[in-house]
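A.B. asks:
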Amino acid sequence: MRILVLGGDGYLGWPTAMYLSTRGHEVAVLDNFAKRRWEMELNVEPLIPIHTLQDRAKAWKEVSGKDLEVFVGDLRNFETVRSVLESVRPEAIVHYGEQPSAPYSMMDHNRAAFTQINNIIGTLNLLWALRDYAPDCHLVKLGTMGEYGTPNIDIEEGFIEIEYKGRKDVLPYPKQAGSFYHLTKVHDSHNILFACRVWKLRSTDLNQGVVYGIQTEETVLDPRLATSFHYDEVFGTALNRFCVQAVAGIALTVYGKGHQLRGFLNIRDTLRCVELSILNPPKAGEYRVFNQFTETFTVTQLAELVKSEGEKLGLKVSIGPLENPRVEAEEHYYNPTHRKLVDLGLVPHLLSDVLVDSMLKEIQAHASRIKKDIILPRVRWNTRADSKEAGKRALASAAIIHD
Ligand code: USQ
613 MRILVLGGDG YLGWPTAMYL STRGHEVAVL DNFAKRRWEM ELNVEPLIPI HTLQDRAKAW
673 KEVSGKDLEV FVGDLRNFET VRSVLESVRP EAIVHYGEQP SAPYSMMDHN RAAFTQINNI
733 IGTLNLLWAL RDYAPDCHLV KLGTMGEYGT PNIDIEEGFI EIEYKGRKDV LPYPKQAGSF
793 YHLTKVHDSH NILFACRVWK LRSTDLNQGV VYGIQTEETV LDPRLATSFH YDEVFGTALN
853 RFCVQAVAGI ALTVYGKGHQ LRGFLNIRDT LRCVELSILN PPKAGEYRVF NQFTETFTVT
913 QLAELVKSEG EKLGLKVSIG PLENPRVEAE EHYYNPTHRK LVDLGLVPHL LSDVLVDSML
973 KEIQAHASRI KKDIILPRVR WNTRADSKEA GKRALASAAI IHD
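Heads up: the sequence shown begins at 613 in my numbering, then just goes up one per residue.
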């Protein structure tokens, strides 16, 4: 199949491109290198040095014999989207090409507005281009479990049957996102659902939980194929951060009470879920949602697991609860369904099987690169921009004016 991966330079995009390429698909990637620019803005970098996208594609050709076509461009530019679709003529698109961080979207007005414009308009451009230039193409879009929030009822996969005043309907599940970033995914979902209904496009919205992991079957083939693994407060996710903190001797940063319960999955399972979606496409006009995670943990459970496994490796690990920089429920009901990908054949990698060998030991091998000063959280959900505290934070990152 001809597949276009949007955001192909990223943490998930790059491994996805290799994974699909090695399984016989013709893969092209598009990226505008925005993540590399945000890294410079915030003075953070991935733990393992990564090569340029073009050099990684060259290394992939050497290692696997497969071609990966590289396009550089921005989804906010409709002409770029149109010309890439016309050139690649994809049968499936995997869309990771968005600003992925909740803290980034909560730093200041500029970054919140940028995140919303970048994500929502990029996806809107894609939908219009699909309508006119690739209407049969299957859009596999990365959404988030964070679209649902933490309601006091079970979470379904995208839709819920509601009976109200004696009448019944199946309606989109209510959304209560927890950041301006998570809200972009909500708005994308609505736009995609509408485009499927009105233009008969086909799409799978993958409401993904928190991803962890560094290695995939393909990244381990050659050091030049590594993916960009973040542990800083803005781009690092909870478990990835805890593992780096354990190796660096920093108390694990559990926010608030630590009873926040989330769905997690290994990076290898992300790739498999995307493949399963592509191999089992929806019909024309269908918009479907898969909840994409394999296990649930509270933040404290994660920290305790990292502590006990880290100590077996001789690390001194402590847990240091911090005042929660976010506004979120710290004690809540959480019971999301996640059947559809399992029904399609997903066999999960469990955290307990990968934590030591493919995470902690791999991080230890790169321990000298850990920048300890980018770990503690400074971005707060509810501090006014003119407060003293926000002023102090602003010094830590370059002020940014987005175009
Ligand atoms: N947390 C800590 N300590 C930390 C970092 C996070 O206790 O050092 C807590 C947070 O307060 C939150 C939970 O861990 O309760 C998850 O936070 P996270 O930073 O790992 O994940 P989040 O900001 O929700 O976003 C990440 C990805 C995002 C994706 C989302 C899936 O960055 O792209 O959409 O996970 S989900 O969480 O299911 O919405």
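By construction, the Cβ of each residue, glycine as well, lies at the ideal position given by its N, Cα and C atoms.
Out of Tyr945, Glu923, Ile890 and Leu917, which has the shortest C-alpha to C-alpha gap to Leu751?
C.D. replies: When only C-alpha atoms are compared, the closest one is Ile890.
A.B. asks: Ignore the nearest five residues each way along the sequence and tell me which others in Ala915's own chain have a CB closer than 8 Å to its CB.
C.D. replies: Contacts found: Phe854, Leu864, Val866, Gly870 and Ile931.
A.B. asks: Can you give me the Cβ contacts of Phe690 inside the same chain, cut-off strictly under 6 Å, excluding the 5 residues immediately before and after it?
C.D. replies: Asn737
A.B. asks: I want to know whether the segment 949-960 touches the segment 772-781 - three or more CB-CB distances under 8 Å.
C.D. replies: no
A.B. asks: At the level of alpha carbons, what is the spacing between Glu907 and Cys749?
C.D. replies: 31 Å
A.B. asks: Might you give, ordered along the chain, the residues of its own chain that have their beta carbon closer than 6 Å to the beta carbon of Ala1006, omitting 5 neighbours on each side?
C.D. replies: Residue confidence for Ala1006 is low, a pLDDT of 48 falling below 50, so the modelled location carries little weight; the figure read from the coordinates is stated next. If the five residues before and after Ala1006 are omitted, its C-beta is found closer than 6 Å to no C-beta atom of its own chain.
A.B. asks: Quick one: residues in its chain with C-beta nearer than 7 Å to the C-beta of Met630, no 5 flanking neighbours on either side, listed in chain order?
C.D. replies: Annotation for Met630: Trp672, Glu830 and Leu837 place their beta carbon closer than 7 Å to its own, counting only its chain and skipping 5 residues before and after.
A.B. asks: Report the residue from Tyr785, His978 and His663 whose alpha carbon sits nearest the alpha carbon of Lys857.
C.D. replies: The residue you asked about is not Lys; residue 857 is Gln in the sequence shown. For Gln857, the nearest C-alpha among the options comes from His978.
A.B. asks: Starting from His802, trace the alpha helix (DSSP H) in both directions and tell me its first and last residue.
C.D. replies: Phe792 to Trp811
A.B. asks: Answer yes if the segment 634-650 comes into contact with the segment 680-694, meaning at least three C-beta pairs across the two stretches below 8 Å, and no otherwise.
C.D. replies: yes
A.B. asks: What residues in its chain sit with their C-beta under 7 Å from that of Glu898, if we drop five residues either side in the sequence?
C.D. replies: Counting only Cβ-Cβ distances below 7 Å, and skipping sequence neighbours, we find Cys808 and Arg814.
A.B. asks: Determine the direct distance from the alpha carbon of Arg723 to that of His961, and round the result to whole angstroms.
C.D. replies: Cα to Cα, the separation comes out at about 35 Å.
A.B. asks: Of the choices Arg743, Tyr843, Val929 and Thr949, whose alpha-carbon is the least far from that of Leu823?
C.D. replies: According to the sequence shown, residue 823 is Val rather than Leu. Per the Cα distances, Tyr843.
A.B. asks: Should Met971 be counted as a contact of the ligand USQ given a C-beta to heavy atom distance under 7 Å?
C.D. replies: no
A.B. asks: What are the start and end residues of the alpha helix (DSSP H) that includes Gln820?
C.D. replies: Counting along the chain, Gln820 sits inside no alpha helix (DSSP H); it lies in the beta strand (DSSP E) bounded by residues Arg814 to Gln820.
A.B. asks: Let me know the alpha helix (DSSP H) ranges lying completely inside the segment 904-959, each 4 residues or longer, listed in chain order.
C.D. replies: 911-924 and 952-956
A.B. asks: From this set, Phe847, Trp811 and Pro894, which residue's C-alpha is nearest Glu653's C-alpha?
C.D. replies: Phe847
A.B. asks: Our contact map puts His944 next to Leu873 with C-beta atoms below 8 Å; I'd like the distance itself, whole angstroms only.
C.D. replies: Contact flag correct, Cβ pair sits at about 7 Å.
A.B. asks: So Glu845 and Ile986 are supposed to be a Cβ contact under 8 Å. How far apart are they, rounded?
C.D. replies: Your pair Glu845 and Ile986 checks out as a contact, with CB atoms roughly 7 Å apart and the cut at 8 Å.
A.B. asks: Kindly identify the DSSP beta-bridge partner or partners of Leu751.
C.D. replies: In the DSSP output, where bridge partners are listed per residue, Leu751 has Ile705 and Ser815.
A.B. asks: Tell me the DSSP secondary structure of Val700 in three-state form.
C.D. replies: Looking at Val700 - three-state DSSP - the assignment turns out to be helix.
A.B. asks: How many Å lie between Arg992 and Met971 at the Cα?
C.D. replies: Within the model, the alpha-carbon separation for Arg992 versus Met971 is close to 28 Å.
A.B. asks: Alpha carbon to alpha carbon, how far is Ile826 from Phe909?
C.D. replies: For Ile826 and Phe909, the distance between alpha carbons rounds to 19 Å.
A.B. asks: Three-state secondary structure (DSSP) at Thr865?
C.D. replies: Thr865 carries a coil assignment under DSSP once its states are collapsed to helix, strand and coil.
A.B. asks: Is Asn936 close to the ligand USQ? I mean its beta-carbon at under 7 Å from any heavy atom of the ligand.
C.D. replies: yes
A.B. asks: Tyr760 and Ile772: beta carbons closer than 8 Å?
C.D. replies: no
A.B. asks: Can you give, in chain order, each stretch of the alpha helix (DSSP H) that sits fully within the segment 724-777 and has at least 4 residues?
C.D. replies: 734-745
A.B. asks: Who does Gly875 pair with in a DSSP beta bridge?
C.D. replies: Thr908
A.B. asks: Return the residue from the list Pro712, Glu698 and Ser699 that minimises the CA-CA distance to Arg648.
C.D. replies: Measuring from the Cα of Arg648, the nearest candidate turns out to be Pro712.
A.B. asks: Report back the beta-carbon spacing between Ser801 and Asp817 to the nearest angstrom; my notes put them in contact at under 8 Å.
C.D. replies: Contact holds; Cβ gap of about 6 Å.
A.B. asks: If we count the other Cβ atoms within 10 Å of its Cβ and call it buried at 16 or more, is Glu923 buried or exposed?
C.D. replies: exposed
A.B. asks: Are the CB atoms of Val706 and Val617 within a distance shorter than 8 Å?
C.D. replies: yes
A.B. asks: What are the uninterrupted segments assigned as beta strand (DSSP E) that are 3 or more residues long and contained completely in the segment 657-689, given in chain order?
C.D. replies: 680-684
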